[in-house]
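There are 2 protein chains.
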Amino acid sequence: MRVLCDYLTIQGFLTKDQGSYALTQESAIFLDRKSPACLASMSAFLGSEPMRARFDALTEAVRKGGSVWSEGGDNTKPNDEFWVTFARSMAPLTRPGSEFIAALLHAEEGKPWKVLDIAAGHGMYGITIAMKNPKAEIVALDWPAVLQVAKENAQKFGVADRYSLRGGSAFETDMGSGYDYVLLTNIFHHFDMPTCEKLMKRVHAALKPGGRAITLEFVPNEDRVTPPTAAAFSLIMLANTDSGDAYTFSEYEKMFRNSGFAKSTLHPVPEMPQQVVVSEKSA
Amino acid sequence: MRVLCDYLTIQGFLTKDQGSYALTQESAIFLDRKSPACLASMSAFLGSEPMRARFDALTEAVRKGGSVWSEGGDNTKPNDEFWVTFARSMAPLTRPGSEFIAALLHAEEGKPWKVLDIAAGHGMYGITIAMKNPKAEIVALDWPAVLQVAKENAQKFGVADRYSLRGGSAFETDMGSGYDYVLLTNIFHHFDMPTCEKLMKRVHAALKPGGRAITLEFVPNEDRVTPPTAAAFSLIMLANTDSGDAYTFSEYEKMFRNSGFAKSTLHPVPEMPQQVVVSEKSA
Numbered sequence: 078m079r080v081l082c083d084y085l086t087i088q089g090f091l092t093k094d095q096g097s098y099a100l101t102q103e104s105a106i107f108l109d110r111k112s113p114a115c116l117a118s119m120s121a122f123l124g125s126e127p128m129r130a131r132f133d134a135l136t137e138a139v140r141k142g143g144s145v146w147s148e149g150g151d152n153t154k155p156n157d158e159f160w161v162t163f164a165r166s167m168a169p170l171t172r173p174g175s176e177f178i179a180a181l182l183h184a185e186e187g188k189p190w191k192v193l194d195i196a197a198g199h200g201m202y203g204i205t206i207a208m209k210n211p212k213a214e215i216v217a218l219d220w221p222a223v224l225q226v227a228k229e230n231a232q233k234f235g236v237a238d239r240y241s242l243r244g245g246s247a248f249e250t251d252m253g254s255g256y257d258y259v260l261l262t263n264i265f266h267h268f269d270m271p272t273c274e275k276l277m278k279r280v281h282a283a284l285k286p287g288g289r290a291i292t293l294e295f296v297p298n299e300d301r302v303t304p305p306t307a308a309a310f311s312l313i314m315l316a317n318t319d320s321g322d323a324y325t326f327s328e329y330e331k332m333f334r335n336s337g338f339a340k341s342t343l344h345p346v347p348e349m350p351q352q353v354v355v356s357e358k359s360a
Numbered sequence: 078m079r080v081l082c083d084y085l086t087i088q089g090f091l092t093k094d095q096g097s098y099a100l101t102q103e104s105a106i107f108l109d110r111k112s113p114a115c116l117a118s119m120s121a122f123l124g125s126e127p128m129r130a131r132f133d134a135l136t137e138a139v140r141k142g143g144s145v146w147s148e149g150g151d152n153t154k155p156n157d158e159f160w161v162t163f164a165r166s167m168a169p170l171t172r173p174g175s176e177f178i179a180a181l182l183h184a185e186e187g188k189p190w191k192v193l194d195i196a197a198g199h200g201m202y203g204i205t206i207a208m209k210n211p212k213a214e215i216v217a218l219d220w221p222a223v224l225q226v227a228k229e230n231a232q233k234f235g236v237a238d239r240y241s242l243r244g245g246s247a248f249e250t251d252m253g254s255g256y257d258y259v260l261l262t263n264i265f266h267h268f269d270m271p272t273c274e275k276l277m278k279r280v281h282a283a284l285k286p287g288g289r290a291i292t293l294e295f296v297p298n299e300d301r302v303t304p305p306t307a308a309a310f311s312l313i314m315l316a317n318t319d320s321g322d323a324y325t326f327s328e329y330e331k332m333f334r335n336s337g338f339a340k341s342t343l344h345p346v347p348e349m350p351q352q353v354v355v356s357e358k359s360a
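If you're matching them up, the sequences are chains B and E in order.
Under my numbering, the first residue of the first sequence carries the number 78, and numbering increases by one thereafter.
Under my numbering, the first residue of the second sequence carries the number 78, and numbering increases by one thereafter.
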């Protein structure tokens, strides 16, 4: 225990004074499970056995040009255990992004909205909009097992009466139509460009005229090596997917144009490595 | 390949300019196998399957207070494959330490020395002394399979005629006697304190009066959290050994005093995380 605590002190997670250890301010906020901002649950997904197995096979992934992991490897098939773990673990990190999106769309104005949340996972992006806008109706789309987590969260945050579920593939399930907004948070990076376009065409069809697609993504600069976290996300996708990537804004612009969106704009999320791409369907 | 090279650029191992990648200065010196200072071979030991398995079991090691890895886990038994890999991989990093020791002892004065190199491994600490002092005779002690690597290196560096081998355990094999110097490089950290004392008593007996034990080690400050690399070495030993540790200087002083050495002095190796402890046997 002494060795572990010394190591955590060296790494900046603890302080040590006269042989006594204490949490640093950052650890107290982000790693103490009693803290509302605790991120510790994320280790259940980021440190999960499949994740570790994929990074163990990184050399093979580089040689192949994609993940060597086969179960649902192209990320268009259901992979319930993996994505339920994701949904149960990764909600803490969504707060800055989900609050940014709600503010960007002026959810607080309380207009009657119909919002589709694609690959909802824990559901927090759509749920946050519903919390800020009492007239927003959210439709969550994901694999049925994953949607149970989103449903629990909708209940927990008191928006279950305006929250409905559509279980199935984002590439095949009837999405409904006439949406004011479609949320696409952390989904495109799993696929190659033709697959992204295929999905975005479906989104275009589901939006009402003047409606907007809201994409949250790791968007590196055109040099693909800055900013570091967004650019490095590309390697995470190489290890984890058949042909996913961290696409640049010019690549998103082109894919979304091919899918029917004439113009897209880029909005950095403050203090987060992600950015929001807003794409409007012609009125 | 693009994703890998971008990632290596982000991490500072490559530069990227107009879509072309090049080695950084550090990578060219330390990671290009054509460079004489290349450290790349070390990955064969540090990234070896046993090493990875031990760190995968770090949680269990913390709970147990020592490695859960059982084959030769207390590091007093032979473990040929592991230590031959060590000997074949880790020589590049010895250069600053071995040259520092040779200079500290004034090897260049060319006095007739008899030097015992305990747990010689690749043999580079003793071989460097033999290269600087043409009148030094080196006796290398290690497991027989490991000594073959030291012997190859002694031939490669032209000192084989003054290089002899003693195969076996440092705790049991007849070490010989009348040594001017006994080298103990990176060995004590594998053991608990009583075991260290047992070894150092044997060393004391093997030295001639006025002879010196030369210990190269990771020696953290008394706070055990600085300097970072030496202090963090403690965790590496927790994962890898039954009861090894990165001992402080006061702990070494005490152990060596218990083994018969009245006084020890500490000498930092420039630009390296290790330090040298010199302990003289009374004349």
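Each residue gets a CB set at the ideal place from its N, CA and C atoms; glycine is no exception.
As the structure is a prediction and not an experimental result, all values here were calculated from the model.
- The count of Cβ pairs closer than 8 Å, one atom from the region 170 to 183 of chain B and one from the region 229 to 248 of chain B, stays below three, leaving the stretches out of contact.
- Per the DSSP secondary-structure output, Q352(B) pairs in a beta bridge with E294(B), P345(B).
- Each residue's CA atom was taken as its position, placing W146(E) and R129(E) some 11 Å apart.
- For L312(E), the enclosing alpha helix (DSSP H) has its first and last residue at 305 to 317.
- For L81(B), the neighbours in chain E by C-beta distance under 8 Å run, in chain order, V139, L312, L315.
- Considering only beta carbons, the part of the region 108 to 137 of chain B lying closer than 9 Å to chain E consists of R129, D133, L135, in chain order.
- According to the DSSP secondary-structure assignment, E214(E) is paired through a beta bridge with K191(E).
- The C-beta of A308(E) comes closer than 8 Å to at least one C-beta of chain B.
- Judged by pairs of C-beta atoms under 8 Å, the region 257 to 264 of chain B touches the region 178 to 193 of chain B, as three or more such pairs exist.
- Judged by DSSP in its simplified three-state form, P286(E) adopts strand.
- The shortest C-alpha to C-alpha distance from P113(E) to any of P169(E), G235(E), D322(E) is the one to P169(E).
- The residue from H266(E), F159(E), L315(E) with its alpha-carbon nearest to that of V226(E) is F159(E).
- Per DSSP, the beta-bridge partners of V259(E) are L193(E), A290(E).
- Of all residues in the region 84 to 104 of chain E, the ones placed with a Cβ closer than 7 Å to any Cβ belonging to chain B are Y84, T86, I87, K93, in chain order.
- In this structure the region 230 to 239 of chain B lies against the region 201 to 218 of chain B, because at least three pairs of beta carbons, one per stretch, are closer than 8 Å.
- A straight line joining the alpha-carbon of S120(E) with that of F163(E) spans about 10 Å.
- By the Cβ neighbour-count rule, R289(E) is buried, with 16 or more other Cβ atoms within 10 Å of its own.
- For chain B, none of the residues of the region 268 to 290 of chain E brings a beta carbon within less than 7 Å of one of its beta carbons.
- Within the same chain, V192, D194, A197, I215, A217, L260 come within 7 Å of G203(E) by CB-CB distance, once the 5 residues on both sides are set aside.
- Taking the beta carbon of D300(E) as reference, the chain B residues within 8 Å of it are K93, listed in sequence order.
- Neighbours of P305(B) in chain E, taken as residues whose beta carbon is under 9 Å from its own, are I87, Q88 in chain order.
- The residue among I106(B), A309(B), Y98(B), T318(B) with its C-alpha nearest the C-alpha of E137(B) is T318(B).
- With respect to the C-alpha of G253(B), the residue from F90(B), S359(B), A308(B), A283(B) having the closest C-alpha is A283(B).
- For Y98(B), the enclosing beta strand (DSSP E) stretches over residues 97 to 100.
- Counting the other CB atoms within 10 Å of its CB gives S144(E) a total of 16 or more, which places it among the buried residues.
- In this structure the region 294 to 309 of chain E lies against the region 325 to 333 of chain E, because at least three pairs of beta carbons, one per stretch, are closer than 8 Å.
- At a cut-off of 8 Å between beta-carbon atoms, M208(B) makes no contact with chain E.
- The C-beta of M78(E) comes closer than 8 Å to at least one C-beta of chain B.
- A straight-line Cα-Cα distance of about 32 Å links E126(E) and H266(B).
- Taking 8 Å as the cut-off, the Cβ atoms of A308(B) and D83(E) count as close.
- The secondary-structure analysis by DSSP pairs G244(E) across a beta bridge with D219(E).
- Within the model, the alpha-carbon separation for L181(B) versus T92(B) is close to 39 Å.
- Residue environment: A184(B) is assigned as buried (16 or more neighbouring CB atoms within 10 Å of its CB, all protein chains considered).
- H344(E) and F90(E) have their C-alpha atoms roughly 32 Å apart.
- V346(E) is positioned such that its CB atom lies closer than 8 Å to that of P173(E).
- About 6 Å separates the CB atoms of L100(E) and D109(E); that is less than 8 Å, so the two are in contact.
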